[in-house]
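S.K.: I am attaching a structure below and will ask some questions about it afterwards.
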Amino acid sequence: MEFINIKNLNYYYPNENEKALDNINLNIEKGELVLITGKSGSSKSTLGKAITGAVPNFYGGRIGGEILINQTDIKELKDGDRAKLVTMVLQHPEKSFLMDKVHREIAFGLENIAYDEKGIKRRVFEALEFCNILDLAYRNIDTLSGGEKQKLAIAAALSYSPECIILDEPTSQLDPSAAEEIVNIIKKINKELFITIMVIEQRTNKWLMAADRVLFMENGKISLDGSREEFYQSKIHKYNEFLPSYLRLLKRLNIGYKNSLKEAKEALNGIKVNKIENKIYPGNTLISIKNLKAGYGDRNVLDGINLDIKQGDFLGIIGSNGAGKTTLLKSVLNLIPYKGSVKISGIEASKMSLKEIGREIGYISQNPNDYIWKDTVYEEVKFTLSNYSIEDEDLVNQTLKQLDIYKYKDKNPRDLSGGELQRLAMAAVLVLKPKILILDEITRGIDPILKKRISGLLKKINESGTTIIIVTHDIENAALLCKNLALIINGEIVSYGSRDQVLKDGIYYSTDINKLFKNNVYLEEEVKNV
Amino acid sequence: MKINIHPIAAIILVLILTIIDFSTYNVSIISGILLFILIVLIFSGNADKLKKNIYYFIPYAVITILINLIFVSEGSHVIFQAMGKKFTLESLVYALIMSLKLLNVIYIFPLFGVLVDSDDLVSFFSSIAPKSTLTLLISAKIIPRLKRRYESIREVFSLRGVDFSKKRKRDMIEGFLPVIASLTEDTLEGSFEIGEAAFVRGYLGSKRTIYEKRKLNSKDYLILMLSLVQMIFFIWSSMNDYIYFDIYSKAGLNSFFNIYVSINIIMMLIISVTIVF
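The listed protein sequences derive, respectively, from chains V and X. Going by the numbering used here, the residue at position 76 of the first sequence is 76; the numbering climbs one at a time, nothing skipped. Going by the numbering used here, the residue at position 53 of the second sequence is 53; the numbering climbs one at a time, nothing skipped.
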């Protein structure tokens with residue numbers, strides 16, 4: 001049954017001459033689970049927001065064409081009626097919560113649509129129970145984890161009992177276990193309540209298996225609209241980057257679509273691959289951590305960490321959200337007080353000023369926007385040098401060229417795309433030529449093509465002699481980049497060694513490809529001599 | 001722990017306390033307001049809020065005392081003389097009264113936070129004045145977010161070599177410029193995101209209903225009644241100069257503590273006890 005019908009939809013953001021949505025024609029059936037994927041900036045979210053009416057009613061801009069929901073033009077729907085039909089879980093729900101308590105946040109939406117006061121409580125608690133977070137009902141939202149906040153946002157959307165929920169990157173900020181829980185809840189909403197689901201995601205790993213239909217967007221247009229099998233079988237190379245690694249491998253081996261690792265394992269039965277040994281890189285110790293304990297206030301997060309980081313290493317610190325990865329980084333950078341010892345090039349970190357540490361270690365935070373305040377890319381990079389009283393224009397230009405952003409040197413950093421901004425943040429610290437580069441979850445929420453580009457760049461930087469430490473819960477990316485890995489669980493390093501040593505015996509912390517072969521092969525690219 | 005009285009009762013009570021604090025120089029009444037706040041915060045288990053807010057008060061109090069001592073020479077009780085200038089006991093007491101008034105204003109904010117549940121407040125005002133509530137809500141939500149962003153931006157810029165501990169004012173301001181620039185952008189972006197979330201969820205869309213509708217109970221009525229009586233008595237005693245106090249006009253003991261002042265203070269104590277127990 002036709003539910004959402006979009007005809008010739010065109011949209012321009014205010015003061016923009018380029019179309020954000022370009023002649024979109026789309027029919028969505030009731031009860032479908034649709035995955036919308038594509039590169040960053042391809043207008044996936046804009047499409048979702050157009051269906052909710054936020055585009056153009058909230059954003060402004062010019063719109064043409066029609067969006068019909070149940071044969072009614074959304075322009076004719078009142079805000080409250082529209083919200084009852086279609087609701088959206090925005091990309092960063094924690095930024096958009098309006099109340100303090102969990103149960104009040106859910107009730108807030110029902111109050112907005114003037115839901116019968118006698119029935120609100122029942123809806124609130126049923127939605128909480130459906131999402132398996134009833135125990136959080138009276139908790140303060142600030143105290144919830146990322147995954148719990150995402151479940152709350154979904155429960156709030158579910159409480160309307162809408163006909164369609166649109167989710168904007170619901171798992172991009174979460175660790176694999178939290179992401180899996182979210183996928184299961186969404187599948188349950190779709191299968192048991194028959195609510196139409198539209199998921200906007202760049203990381204398709206978990207969603208592809210759940211989706212009835214896949215839309216691929218490019219430059220505001222839908223370039224593919226088909227089943228997951230059609231998406232898999234497409235001859236267009238760029239779609240491959242958005243496939244989970246095990247499907248990329250199957251495709252390379254000319255095996256048909258398989259909807260689970262189990263099916264893939266059966267299809268690969270009898271296929272053997274050669275072992276590839278991962279070399280351990282020897283070098284001098286640059287950072288020496290002994291019996292490190294650190295935390296926030298009374299809460300101890302790290303409990304007796306011991307770790308030596310060698311020159312030239314590419315170390316991945318892996319583990320779930322809240323395991324203590326970022327706390328470890330902050331201790332090394334002397335951003336939080338610690339007990340024990342952290343020595344950087346032989347000097348205790350707590351005895352160094354942040355300026356001195358900045359000379360030794362370049363730090364890239366999760367948010368590249370933290371690095372911009374000047375009006376041009378060139379000025380932004382030069383700013384770091386000026387703080388150390390270094391005037392060297394050649395060094396600035398050389399760094400911009402190294403990161404392939406020299407062509408944007410006179411551009412305003414605010415006009416750069418996500419990937420360009422990420423490279424600018426790297427340039428802003430690499431210009432000091434630090435011995436060590438630390439990156440905190442920088443591939444979180446970025447599309448696979450951009451991730452590949454940044455990964456390539458990091459490999460080159462490492463090959464040129466810079467020691468790199470990345471903190472991530474993206475195991476596939478860590479396996480691709482890292483020479484050594486440290487797995488942190490509950491504030492302790494439970495496994496440390498070469499990439500192969502750490503991933504080999506992993507039940508959970510390993511790659512899909514390793515789960516398929518169990519033969520020291522961790523990435524699709526490494527499957528050779530089949 | 002929250003006391004959770006009706007938003008209307010809390011707002012009226014806090015407004016009355018603020019008006020009294022601003023409109024009198026009688027040190028006993030001002031101390032009475034402080035006593036009221038101390039009783040409510042301590043007996044509701046929120047004594048930590050007193051400690052937290054005193055840090056904001058100390059620098060302002062020091063500045064007020066210094067400025068008043070330096071620029072006001074009125075009064076007959078000279079404490080000491082320096083550079084041909086008299087430093088009087090009256091100007092010191094006046095500055096202390098002003099500081100006490102300021103301390104009350106600082107403590108009134110956490111007091112309000114304890115008296116009323118913020119979700120109750122949002123829900124209540126959303127049904128009366130949704131647009132203004134959204135504006136206030138955006139401001140309230142943006143502050144903790146900015147605090148987190150401030151930490152993260154400061155860390156990044158410290159590691160990029162910015163020295164935030166420079167002593168010269170000009171250098172210090174220069175150091176903070178990148179942080180301020182980033183935070184300004186973030187404020188706009190954050191406000192937009194909250195507004196968008198409210199729009200998507202149908203806020204401002206139609207008539208609203210109220211979840212867990214808060215009705216005025218007997219305690220709320222009692223607090224309202226006592227607060228209004230307090231206000232009326234304060235106005236009446238002020239208009240008749242019964243509680244008038246000016247340190248510079250040779251204040252006697254009777255002018256800052258008499259039966260009318262005592263009644264004002266006792267009423268405040270009665271309200272505080274009603275709230276807590």
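From the three backbone atoms N, C-alpha and C, an ideal C-beta is built for every residue, glycine too.
1. Go through its chain and collect everything with a Cβ distance to residue 218(V)'s Cβ below 8 Å, but skip five positions before and after it.
2. In chain order, what residues of the same chain have a beta carbon less than 7 Å from the beta carbon of residue 444(V), not counting five sequence neighbours either side?
3. Establish whether the CB of residue 429(V) and some CB of chain X are separated by less than 8 Å.
4. Ignore the nearest five residues each way along the sequence and tell me which others in residue 27(X)'s own chain have a CB closer than 6 Å to its CB.
5. Hey, quick one: how far does the beta strand (DSSP E) through residue 82(X) stretch, first residue to last?
6. Below 8 Å on the Cβ atoms is my contact criterion, and I expect residue 56(V) with residue 11(V) to pass it. Report the Cβ-Cβ distance as a whole number of Å.
7. Candidates 413(V), 411(V) and 378(V): which alpha carbon is nearest residue 397(V)'s?
8. If you follow the beta strand (DSSP E) that residue 310(V) is part of, which residue opens it and which one closes it?
9. Which bits of chain V does residue 110(X) rub up against, with CB to CB less than 8 Å?
10. Is there at least one Cβ from chain X nearer than 8 Å to residue 415(V)'s Cβ?
11. Check the Cβ-Cβ distances between residue 117(V) and every residue of chain X, and say whether any is below 8 Å.
12. Go through its chain and collect everything with a Cβ distance to residue 478(V)'s Cβ below 8 Å, but skip five positions before and after it.
13. For residue 9(V), write down the residues that DSSP places opposite it in a beta bridge.
14. In the structure shown, what three-state DSSP assignment does residue 532(V) receive?
15. Would residue 208(V) pass as a contact of residue 176(V) if the rule is Cβ separation under 8 Å?
16. Could you tell me the alpha carbon to alpha carbon distance between residue 55(X) and residue 12(X), rounded to whole angstroms?
17. Flag this pair as yes or no: are the beta carbons of residue 116(X) and residue 150(X) separated by less than 8 Å?
18. Counting only Cβ pairs nearer than 8 Å, list the residues of chain V close to residue 193(X).
19. Since residue 178(X) meets chain V, which of its residues come closer than 7 Å, beta carbon to beta carbon?
20. Rounding to the nearest angstrom, what Cα-Cα distance links residue 129(X) and residue 331(V) in this structure?
21. Are the region 157-166 of chain X and the region 141-153 of chain V touching, with three or more C-beta to C-beta distances below 8 Å?
22. Tell me the rounded alpha-carbon separation between residue 82(X) and residue 371(V).
23. Out of 141(X), 207(X) and 183(X), which has the shortest C-alpha to C-alpha gap to residue 152(X)?
24. Below 9 Å on C-beta distance, what does residue 120(V) contact in chain X?
25. Do residue 552(V) and residue 152(V) have their CB atoms nearer than 8 Å?
26. So is residue 278(X) buried or exposed if we call it buried at 16+ other beta carbons inside 10 Å?
27. Helix, strand or coil for residue 139(V) per DSSP?
28. Under 8 Å between C-beta atoms, does residue 101(V) make it to chain X?
29. Just to confirm, is the Cβ distance from residue 436(V) to residue 361(V) under 8 Å?
30. Does the region 140-148 of chain X come close enough to the region 113-132 of chain V that 3 or more CB-CB pairs lie under 8 Å?
31. Report buried or exposed for residue 383(V), applying the criterion of at least 16 other Cβ atoms within 10 angstroms of its Cβ.
32. When you compare the CB positions of residue 14(X) and residue 108(X), do they come within less than 8 Å of one another, or not?
33. Quick one: what does DSSP say residue 32(X) is sitting in, helix, strand or coil?
34. Given that a residue counts as buried once 16 or more other Cβ atoms are within 10 Å of its Cβ, and exposed if not, what is residue 306(V)?
35. According to the neighbour-count rule (16 or more other Cβ atoms, all chains shown, within 10 Å of its Cβ), is residue 205(V) buried or exposed?
36. Residue 356(V): which of 391(V), 261(V) and 434(V) sits nearest, CA to CA?
M.R.: So, from the data block:
1. 38, 39 and 42
2. 172, 173 and 366
3. yes
4. 97 and 256
5. 78-82
6. 7 Å
7. 378(V)
8. 299-310
9. Per Cβ cutoff of 8 Å: no residues; residue 110(X) is ~15 Å from chain V at best.
10. no
11. yes
12. 316, 318, 470, 472, 485 and 499
13. 24(V)
14. Given a span of 1 to 530 for chain V in the structure shown, any question on residue 532(V) remains unanswerable.
15. no
16. 27 Å
17. no
18. 90, 92, 95 and 96
19. 373
20. 47 Å
21. no
22. 52 Å
23. 183(X)
24. 209, 210, 211 and 212
25. Because chain V here runs from 1 to 530, residue 552(V) falls outside it and cannot be looked at.
26. Lying outside 1 to 277, the shown extent of chain X, residue 278(X) is not represented and no answer is given.
27. coil
28. yes
29. yes
30. no
31. buried
32. yes
33. helix
34. exposed
35. buried
36. 434(V)
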